[in-house]
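The sequence shown lines up with residues 157 to 318 when you count with the numbering used here. Taking it in order: structure first as C-alpha cells, then the write-up.
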Amino acid sequence: MGKGLASRAKYQFPDVYVKYQDLCRSKAIRMGKPSLYKRAMSLDEELADEPKTLTASNDEKWFLLFATKNHWSEKGNIKGIEEGLGWVRSNLKSVGAKSLAIPALGCGQGWLEWKDIGPIMCRYLISFGIPVEIYLPLEKETEQKFLSQEFLLSDSSFLAAK
157 MGKGLASRAK YQFPDVYVKY QDLCRSKAIR MGKPSLYKRA MSLDEELADE PKTLTASNDE
217 KWFLLFATKN HWSEKGNIKG IEEGLGWVRS NLKSVGAKSL AIPALGCGQG WLEWKDIGPI
277 MCRYLISFGI PVEIYLPLEK ETEQKFLSQE FLLSDSSFLA AK
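This is how it looks when you write it as C-alpha cells:
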C-alpha cells in the first residue's frame, strides 16, 4: 500500500491499512485469495461535520483487500487477479453487499494494461448482480475504444486488445 489508490486508502483509513498488514503477515491474503474487511465506524459519520445530524448514515462499509502481485516490485499477475475475482464472486454476496467500487486491478502500480484487464474484470463483475464502479488509474489515459461496452463484454475482446 505504498503508492496510488492504496496509499490514499492507507492514510484516509488507517484501520484498513493495519488490517491489511495483519492479513499479509499471517499470509491470509495472497494472490487469488482477497479478503473482505468491515469497518467498525460509518464512513458517513467520519466525514460529516456534525455526525449527529445524519438521518441515514451508511453503517456498513466493506473494504476489499486484493493482492494483484506477489511482491511490490513485480508486475501485476493476470491469472492471480482472475482467481481473486472468482473468490470475490463467491464471497461478496455472503456479506450482503449492495454495491462495489473497485480500482482497475493491476493497472496502476501493477503495470498492467486496461485493454487486457478490463474485459476480464467486466466478465466477472457483470455477474455480481449489484452496481459496480471501476476506477481507472489517473496516471495514464485510456483509449476510448477500450472503454466501450462492445469491447469490454465481447468474448473476443481479449484477442482484439493484443
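Heads up, the beta-carbon is just placed ideally off N, CA and C, and yes, glycines get one too.
Note on Pro-190: 16 or more other CB atoms within 10 angstroms of its CB, so buried under the neighbour-count rule. By the neighbour-count criterion, in which 16 or more other beta carbons inside 10 Å mark a residue as buried, Pro-170 falls on the exposed side.
Lys-183 sits away from Tyr-173, with the two beta carbons spaced by 7 Å or more. Taking the C-beta atoms as reference points, Gly-262 is found no nearer than 7 Å to Gly-188. Excluding sequence positions up to five before and after Arg-186, its CB lies within less than 8 Å of the CB of Ala-223, Asn-226, all in the same chain and listed in chain order. Distances from the CA of Glu-289 to each of Ser-246, Tyr-280, Ser-163, Glu-230 were compared; the closest alpha carbon is that of Tyr-280. Apart from sequence neighbours up to five positions away, the residues of its chain that approach Lys-231 with a beta-carbon distance below 6 Å are Trp-267, ordered along the chain. Cα atoms of Glu-299 and Pro-275: separation of roughly 14 Å, rounded to the nearest angstrom. Leaving aside the five residues that flank Arg-195 on each side, the residues in its chain whose CB is nearer than 6 Å to its CB run, in chain order, Lys-217. For Lys-175, the uninterrupted alpha helix (DSSP H) run begins and ends at 170-181, by DSSP. If the five residues before and after Gln-168 are omitted, its C-beta is found closer than 7 Å to no C-beta atom of its own chain.
Under a 10 Å Cβ-count criterion, Gln-177 is classified as exposed, with fewer than 16 other Cβ atoms of the shown protein chains found around its own Cβ.
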